Every structure is written in C-alpha cells, then in structure tokens.
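As structure tokens, the structure follows; a few thoughts come after it.
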Amino acid sequence: MLFKTSITYRKKTLLKLLIAIEKHEEEINQALYNDFKKPEFESYLTETYFVLSELKLTIKNINKWAKPKMVFPNLVNFPSTDFVYSEPYGKVLIIAPWNYPFHLALLPLVSAVAAGNQVVLKPSELTPATSKLISKIVGEVFEKNHVKVVEGGISETEKLLAQRWDYIFFTGSVAVGKIIAKAAAENLTPVTLELGGKNPCIIDETANLKLAAKRIVWGKFLNAGQTCIAPDYLLVHQKIKPQLIEYLKKEIALAYSGKIENSEDYPRIINEKNWKRLLDLLEGEKILFGGKSNPTDFYIEPTLVDEPKLNSKIMEGEIFGPILPIISYNSEKEIEKVVYNYEKSLALYMFTNNKIFAKNSILKYSFGNGCINDTLIQFANHRLPFGGVGHSGIGSYHGKKSFELFSHQKPIVKKATWLDITLRYAPYNGKLKILKRLTNWFS
Ligand code: NAD
Numbered sequence: 015m016l017f018k019t020s021i022t023y024r025k026k027t028l029l030k031l032l033i034a035i036e037k038h039e040e041e042i043n044q045a046l047y048n049d050f051k052k053p054e055f056e057s058y059l060t061e062t063y064f065v066l067s068e069l070k071l072t073i074k075n076i077n078k079w080a081k082p083k084m085v086f087p088n089l090v091n092f093p094s095t096d097f098v099y100s101e102p103y104g105k106v107l108i109i110a111p112w113n114y115p116f117h118l119a120l121l122p123l124v125s126a127v128a129a130g131n132q133v134v135l136k137p138s139e140l141t142p143a144t145s146k147l148i149s150k151i152v153g154e155v156f157e158k159n160h161v162k163v164v165e166g167g168i169s170e171t172e173k174l175l176a177q178r179w180d181y182i183f184f185t186g187s188v189a190v191g192k193i194i195a196k197a198a199a200e201n202l203t204p205v206t207l208e209l210g211g212k213n214p215c216i217i218d219e220t221a222n223l224k225l226a227a228k229r230i231v232w233g234k235f236l237n238a239g240q241t242c243i244a245p246d247y248l249l250v251h252q253k254i255k256p257q258l259i260e261y262l263k264k265e266i267a268l269a270y271s272g273k274i275e276n277s278e279d280y281p282r283i284i285n286e287k288n289w290k291r292l293l294d295l296l297e298g299e300k301i302l303f304g305g306k307s308n309p310t311d312f313y314i315e316p317t318l319v320d321e322p323k324l325n326s327k328i329m330e331g332e333i334f335g336p337i338l339p340i341i342s343y344n345s346e347k348e349i350e351k352v353v354y355n356y357e358k359s360l361a362l363y364m365f366t367n368n369k370i371f372a373k374n375s376i377l378k379y380s381f382g383n384g385c386i387n388d389t390l391i392q393f394a395n396h397r398l399p400f401g402g403v404g405h406s407g408i409g410s411y412h413g414k415k416s417f418e419l420f421s422h423q424k425p426i427v428k429k430a431t432w433l434d435i436t437l438r439y440a441p442y443n444g445k446l447k448i449l450k451r452l453t454n455w456f457s
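If you want the working numbering, it's the position in the sequence shown, counting the first as 1, plus 14.
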C-alpha cells in the first residue's frame with residue numbers, strides 16, 4: 015500500500031527533518047571527518063548548508079508548488095479550464111554516492127518527500143559513519159513505511175533494483191549509471207542519472223590569471239578533488255601557461271599554509287582502492303608540483319601534471335582526485351581536439367575576458383553546466399537546474415525543478431457543458447475549410 019501524504023503532513027515532516035539536522039550538526043561533521051577527514055568548514059558549506067537551504071526553500075514554497083496550475087486553454091478545447099496537477103510517482107528509490115555523502119543523499123530526499131512520494135534511500139557503503147547517521151536521522155523523523163534507509167553496497171543495491179519502483183534517482187559513476195538504467199528499463203521506470211565526466215577548464219590569454227588560479231585551486235582541491243563538477247584538466251593558452259603555473263603553486267601553498275599534509279583544511283582520498291588508482295595515474299607523468307602521498311590515511315598532495323598525452327592513463331577517464339593535468343593550446347582548433355576527444359562532460363569552465371570566445375564556447379560545446387571565470391558555484395543557485403547531458407547524466411534537479419522531477423505532471427481539461435461546438439464531430443462534410451480558417455486565425 016502506498017503511503018499517501020497531505021501537503022500539511024509533508025511540510026510537518028520536512029520541518030522535523032530540518033530541526034533534526036540542526037540538532038545533529040556536530041555529529042554530521044564528526045561522521046564526515048571519520049569517513050575521510052572532511053574539514054568542518056567544507057562539511058557545512060558543501061553538505062549541511064545545501065540540505066538546510068533546500069529544506070527552507072521547499073517548506074516555504076510547497077503549497078504553491080503542489081497546487082494545481084491553471085494554464086490557458088486552446089481553441090480546440092474551448093470552452094474549458096485547463097490545469098496541471100502534480101501527482102506523486104509513488105515509490106521512489108534514491109541511490110547516493112560517497113563524495114558528498116550527506117548532501118547527495120538528502121537533497122533528492124527532500125524533494126521526493128515534498129512531492130508526496132514514499133522513499134527508500136540507499137546511501138554509499140564507502141562512507142559508513144555518514145550512512146549510519148543518515149539512517150538514524152531518517153529513523154527519528156519519518157514513519158518507517160514513508161521513508162526508509164537501506165544501508166549496504168552492491169548486493170543490497172542489486173536487491174533493491176530487482177524490485178519495481180515508480181522512480182529511480184541515482185547519483186554516481188557512468189558505469190553504474192548504465193546498470194541502473196538497464197534495471198529501470200525492465201519495468202519502464204523513469205530515472206534521473208546524475209553522473210560524472212571529464213570536465214575541461216579553459217584559460218585563455220585574456221583571463222585574470224591570479225584570480226583564475228585561486229578559483230581553480232579552490233574548485234579542484236575542495237574535497238581533495240573528489241567532486242563530480244571539479245575541473246578535471248586545464249586547457250591553457252601557451253602564452254600564459256608559465257605564469258598560470260606559478261600562480262597555481264602559490265595559491266596551493268596559500269590555501270594550505272605550505273604544510274598540506276598537516277592542514278586541517280585538506281581531506282583524504284576515500285579508500286585504498288581509489289588512492290592506488292590515483293597514484294597509478296601519475297606513473298610516467300611529468301609532475302610540476304606535489305605528487306607526495308601517504309598510505310596511512312590515503313593522503314595525496316595537490317598535484318599538477320604537465321602536458322600528459324591524450325592517450326595516457328590520466329587523460330583516459332574522470333580523475334576524481336587532487337591531480338590536475340595542464341595542457342597548452344595555441345588555437346581554438348586545438349581546444350576542440352581535446353574537448354571533442356571525450357563524452358559530453360558534466361561541467362565546463364572558462365576563464366576569459368573575451369566575451370565572444372565565452373559565448374561561442376557555450377554554444378559550441380555540449381556539457382551539463384558551467385561557469386565563466388569561476389568553478390563549482392553553478393551548483394549553489396537553486397534556480398539553475400543541475401544535471402548532465404549525454405554520458406554525464408539524464409535529467410536535472412534543485413529547488414522547484416526537483417519538486418517537478420519527483421511529480422508526474424498530470425494535465426486535466428475541465429470542459430464546460432453550457433456550450434458544445436459541433437465542428438469537430440462527424441460528419442465532416444464541408445467543415446475542413448472552416449476548421450483551417452479558424453486554426454490559422456488562432457494559432
Ligand atoms: P558509484 O557509481 O560507484 O556508486 C554510487 C552508488 O551505487 C553507491 O550507493 C553504490 O553502493 C552503488 N553501486 C556501486 N556499484 C554498484 C553496482 N555494481 N550495482 C548496483 N549499485 C552499485 O559512484 P561513487 O564512487 O560513489 O561516486 C563517484 C562517481 O559519482 C563519480 O563518477 C562522480 O562524478 C559521480 N558523481 C556525480 C554527481 C552528480 O551530481 N552528477 C555527484 C557526485 C558524484
């Protein structure tokens with residue numbers, strides 16, 4: 015039986031969730047620290063703050079968003095009043111990754127609940143402390159048959175995928191995204207896939223280099239580079255490359271006070287497997303900065319790599335760690351050659367003061383989302399739909415868009431009975447001319 019909820023009930027439980035998150039904030043920080051030494055500042059900025067602000071926005075607007083929307087009728091339906099109802103899909107499965115384990119599990123949950131769905135949430139097994147805490151918070155706030163957390167890894171997810179769902183929302187890798195899409199297809203279940211990609215960051219000769227370096231270092235090394243929208247590699251105009259590299263080195267030193275491994279502001283790689291994978295990418299590459307590592311807590315220093323080949327391991331797939339390849343270019347054709355070498359990326363960044371170059375690049379390349387003269391911050395505006403395109407994802411969410419995503423938009427025409435225009439009914443003899451004239455006038 016589906017757990018049906020009124021708007022008042024949804025609002026009440028979302029408010030309860032908000033209070034519970036505020037109450038458990040210290041524990042959330044601790045869990046994230048235990049999982050991969052996430053600094054408290056980043057835990058607030060990139061995890062709890064996002065969820066709290068989405069909750070506040072949703073609670074404030076839920077009545078308005080959930081209300082049937084009246085739209086203009088058209089000639090064929092005249093006289094009528096036309097509405098769009100937001101109907102909950104029903105049973106929603108949310109599968110979350112480890113890199114922002116609190117935020118990426120809870121953000122879709124807020125909207126799925128707001129839209130009236132029953133939810134099963136599967137957090138990542140790679141962040142066990144956060145996963146356990148999510149389960150505790152959800153248990154405190156929601157009725158068991160309304161929202162449930164299933165902890166576990168691949169086998170638990172497979173069991174969940176074998177069931178029938180009305181909607182699946184997945185955030186994770188492209189490879190697992192394909193498994194999810196296949197499982198969903200069995201029951202024609204609609205899916206949102208929030209995936210990854212190889213995000214280019216282009217810096218041309220007109221850019222403010224010092225500022226670009228600061229913003230690139232922030233966007234790349236936040237969360238130790240384990241961010242789906244982090245710049246994956248730099249494409250730098252040859253003329254300004256040496257200067258940019260100097261600025262990048264200075265900014266890394268400034269951010270982590272020169273003692274990166276001891277800095278409280280720099281997290282660790284999630285596990286040994288990923289730590290080894292990342293170090294393996296550095297094999298045979300020319301390191302301009304960094305490269306140090308420590309197996310005891312899976313530390314990898316912010317690392318700059320010079321001119322890797324396009325067919326090298328480091329340029330093969332998404333890096334997802336604190337390693338930044340720097341590739342120079344001389345012409346737009348050379349930028350194209352690199353960008354087109356990959357599937358459509360989740361993000362693309364440009365540092366430039368050349369408005370025409372920026373505009374042309376937005377139009378030329380297909381990518382999920384992006385920024386001009388900054389990194390990552392497109393994620394923060396709930397008015398901007400967030401998602402990928404092609405292999406970087408299907409669908410987008412955040413704010414009102416998320417509410418709509420978790421609702422079937424059900425159109426209803428309420429036809430008047432006081433008038434019945436007979437034009438559409440057979441026999442059609444002699445009516446086509448009138449129909450064409452009318453449709454031409456009113457289209
Ligand atoms: P992942 O695909 O390995 O895991 C994601 C989820 O899928 C986890 O809950 C995991 O338990 C489950 N899973 C893993 N293997 C599975 C399998 N074989 N069958 C069924 N379920 C399985 O991803 P990850 O390592 O947790 O996260 C990193 C990836 O996620 C990166 O590629 C990154 O770009 C992407 N990502 C995307 C976004 C976005 O918003 N687009 C956000 C964060 C991360």
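Note that beta-carbon positions come from the ideal geometry of N, C-alpha and C, so glycine has one too.
Just so you know, these numbers come straight off a predicted model, no measurement behind them.
- The beta carbon of Ala-221 sits closer than 7 angstroms to the beta carbons of Phe-365, Thr-366, Asn-367 from its chain, once the five residues preceding and following it are set aside; these are given in chain order.
- With contacts defined as CB atoms closer than 7 angstroms, His-422 and Glu-101 qualify as a contacting pair.
- Look at the segment 109–158 and you find these whole runs of alpha helix (DSSP H), each 4 residues long or longer: 117–128, 142–155.
- Under the DSSP assignment, Ala-269 falls in the alpha helix (DSSP H) whose first and last residues are 255–269.
- Here the C-alpha atom of Ile-370 lies approximately 16 angstroms from the C-alpha atom of Ile-349.
- Between Pro-245 and Asn-213, the CB-CB gap stays under 7 angstroms.
- In this structure, DSSP gives Tyr-439 a state outside helix and strand, which the three-state scheme calls coil.
- Inter-segment contact for the segment 92–112 and the segment 168–181 is present: three or more beta-carbon pairs are separated by less than 8 angstroms.
- Here the segment 84–98 makes no contact with the segment 23–41; the two share fewer than three CB pairs at distances below 8 angstroms.
- Between Ala-143 and Ala-45, the beta carbon gap of about 4 angstroms places them in contact (Cβ cut-off 8 angstroms).
- One alpha carbon belongs to Glu-54, the other to Asn-48, and they sit about 11 angstroms apart.
- Bounds of any alpha helix (DSSP H) do not take in Phe-365; it lies within the beta strand (DSSP E) bounded by 359–365.
- In the DSSP assignment, Met-84 is bridged to Phe-97.
- Taking Phe-97 as reference, the option from Pro-82, Thr-141, Ala-110 with the minimal CA-CA separation is Pro-82.
- Boundaries of the beta strand (DSSP E) harbouring Tyr-247: 247–251, taken from the DSSP string.
- By DSSP's assignment, Asn-383 forms a beta bridge with Ala-361.
- A Cβ-Cβ distance of about 6 angstroms is found for the pair Ala-269 and Val-231, placing them in contact under the 8 angstroms criterion.
- A Cβ-Cβ separation of about 6 angstroms places Leu-302 in contact with Ile-259 under the 8 angstroms criterion.
- Leaving aside the five residues that flank Gln-392 on each side, the residues in its chain whose CB is nearer than 7 angstroms to its CB run, in chain order, Asn-383, Gly-384, Cys-385, Leu-398.
- Relative to ligand 1, the nearest heavy atom lies less than 6 angstroms away from the CB of Gly-210.
- Contact annotation: the segment 240–255 touches the segment 336–343, with at least three C-beta pairs closer than 8 angstroms.
- Note that the C-beta distance between Pro-111 and Gly-167 is not below 7 angstroms.
- Tyr-47 carries a helical assignment under DSSP once its states are collapsed to helix, strand and coil.
- Within 10 angstroms of the beta-carbon of Thr-431 lie fewer than 16 other beta-carbons, which makes it exposed.
- Taking the CA atoms as reference points, Ile-376 sits about 20 angstroms from Ala-394.
- A check of alpha carbon separations from Leu-32 across Ser-345, His-412, Phe-156 identifies Phe-156 as the nearest.
- At a cut-off of 6 angstroms, the beta-carbon of Thr-185 counts as near ligand 1: some heavy atom of the ligand is closer than that.
- Taking Asp-311 as the centre and dropping the five residues before and after it, the same chain places the C-beta of Lys-51, Arg-282 closer than 8 angstroms to its C-beta, in chain order.
- In this structure, Ile-73 has its beta carbon at no less than 6 angstroms from each heavy atom of ligand 1.
- Between Ser-125 and Pro-137 the beta-carbon gap is near 17 angstroms, outside 8 angstroms, which marks them as no contact.
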